[in-house]
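For reference, the structure discussed in these notes is given below.
Chains as they are written, first to last, in this note's numbering: chain V, 1 to 211; chain B, 1001 to 1211.
Dropping the structure here:
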């Protein structure tokens, strides 16, 4: 099997095992066993589990940065909000192991901690741009302090939705998640900040999304 | 040393070590070592680490239930909201190990998963009672769906504030946390749901709290 192919298979299998069992519960030996390769072969491609986690994080980061990209030429509107949230939640689900044990992973992996901090800052700027766009369209009826606090709450609810959903359902196997409910909760964070008729428009979009 | 005293010391030391290093990173051997007792002596008092975690959870649950108690004879008002949030965040900080690795702990400890589910339901009822009280006072200018979604977001932001604060600051040692910022974020979730003058009253309370 060509080396490039093995490297890719290691990443794919690691992602699947991390997502299924939680990153703290998966060792490089588990990964090699699942792939039916020797631990030595695995270490030929990756120095350590941290190395694998960092490669997976880099791929997640690229995908998420793409999802955070805003329309360049015009002001964002409520449909952009909906679409962006949907894409972001799909990204988080694909790399859910990162969010299941976020604080633990960040405490053990210094480089991922630094990168996650930067990713969070880019996400914050993206939310700010979106809310500013709605304000410039005259859709907002909230104070700057309310907008600022809402930006932070949007990030928090998005980052921890999967964990909250698992905890409230007492189902922690990572087998399924109510992504639509997460998108809905974030839309409902923003709705009360809007003036009519934008507020009712967003409430209608959110209700249709939840069905 | 009397047995009761040793039992209490084991619980106190376990709580301190869990909070400092994260529950997944502390074994019963670490706890016995820190207390300078034999593992056998520890197992005389507690069958397993799960047993210790469950006792600590029971104590946390009692404290939190007390913090969630509402004034019985009158409708809750904005000062009650402020006071209750403050008490709840103090509780969460005292048992922060539970929230740092919530999904992992719940996935490993079935009994705690069941008890946490019940605790979350009681907390939801408490938030609902509080928001209903504000509505009965004529302070609310939001739809039932907005109120319902806000209830869920209040729980999510409260449960995961400590994790979010650690992640955004890239500081994951559990040594300190911005509890005031957490209380502020929850107050700012509720402010946009209120009619004037209650909305400005809550914004002023929140701003004073943040200073």
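We treat Cβ as the ideally placed atom computed from N, Cα and C, and that holds for glycine. This one's a predicted model, so the numbers in the text were calculated from it and none came from an experiment.
Counting only the Cα atoms, residue 96 of chain V lies some 22 angstroms from residue 209 of chain V. By the criterion of at least three beta-carbon pairs nearer than 8 angstroms, the segment 78-92 of chain V is in contact with the segment 56-70 of chain V.
A Cβ of chain B is located within less than 9 angstroms of the beta carbon of residue 114 of chain V.
Residue 46 of chain V and residue 61 of chain V have their C-alpha atoms roughly 19 angstroms apart. Segment contact: the segment 1111-1131 of chain B against the segment 1028-1044 of chain B, fewer than three CB-CB distances shorter than 8 angstroms; contact not assigned.
Bounds of the alpha helix (DSSP H) holding residue 112 of chain V are 110-136.
Taking a beta-carbon distance threshold of 9 angstroms, residue 1070 of chain B does not count as an interface residue toward chain V. Beta-bridge annotation (DSSP): residue 140 of chain V is paired with V:194. Interface criterion not met: the Cβ of residue 54 of chain V is under 9 angstroms from no Cβ in chain B.
For the segment 1009-1021 of chain B, the set of residues with a beta-carbon nearer than 7 angstroms to any beta-carbon of chain V is empty. For residue 1138 of chain B, there are no C-beta contacts with chain V under 9 angstroms, since the nearest C-beta of that chain is about 17 angstroms from it.
Residue 1116 of chain B sits buried, since 16 or more C-beta atoms from the chains shown fall within 10 Å of its C-beta. Assignment of residue 170 of chain V by DSSP, reduced to helix, strand and coil, places it in the coil class. The Cβ-Cβ distance between residue 1141 of chain B and residue 1195 of chain B falls below 9 angstroms. The beta carbon of residue 188 of chain V sits closer than 9 angstroms to some beta carbon of chain B.
Annotation: Cβ neighbours of residue 157 of chain V in chain B (cutoff 8 angstroms, chain order): 1153, 1156 and 1157. Taking the beta carbon of residue 1066 of chain B as reference, no residue of chain V falls within 9 angstroms; the closest one sits roughly 22 angstroms away. One finds 1024 and 1104 in chain B with Cβ atoms closer than 7 angstroms to the Cβ of residue 24 of chain V, taken in chain order. Check the Cα spacing between residue 1010 of chain B and each of B:1052, B:1083 and B:1167: the tightest is with B:1052. With a beta-carbon spacing of about 20 angstroms, residue 161 of chain V and residue 128 of chain V fall beyond the 8 angstroms limit used to define contacts. Here residue 1198 of chain B has 1139 as same chain residues with Cβ atoms under 6 angstroms from its own Cβ, once five neighbours each way along the sequence are excluded.
Relative to residue 1109 of chain B, the option among B:1084, B:1055 and B:1146 whose CA is nearest is B:1055. Residues of chain V whose Cβ lies closer than 8 angstroms to the Cβ of residue 1132 of chain B do not exist, since the nearest Cβ in that chain is about 17 angstroms away.
Along the segment 1043-1119 of chain B, the alpha helix (DSSP H) occurs as fully enclosed runs of 4 or more residues at 1049-1068, 1078-1094, 1096-1100 and 1102-1108, listed in sequence order.
Between residue 1102 of chain B and residue 167 of chain V, the C-beta spacing is below 9 angstroms.
Residue B:1035 holds the alpha-carbon nearest to the alpha-carbon of residue 1007 of chain B among B:1023, B:1017, B:1035 and B:1098.
Comparing C-alpha distances from residue 1075 of chain B to each of B:1063, B:1082, B:1133 and B:1111 shows the shortest one belongs to B:1133. DSSP places residue 1010 of chain B in the uninterrupted alpha helix (DSSP H) bounded by 1003-1021. Straight-line spacing of the CA atoms in residue 1157 of chain B and residue 37 of chain V works out to 43 angstroms. The three-state reading of DSSP puts residue 1177 of chain B in coil, since its state is none of H, G, I, E or B.
Contact annotation: residue 192 of chain V and residue 1150 of chain B have beta-carbon atoms nearer than 9 angstroms.
Residue 130 of chain V places its beta carbon 9 angstroms or farther from that of residue 64 of chain V. The CB of residue 192 of chain V comes closer than 8 angstroms to the CB of 1142, 1146, 1150, 1192 and 1193 in chain B, given here in chain order. Closest in C-alpha terms to residue 112 of chain V, from the list V:50, V:83, V:16 and V:2, comes V:50.
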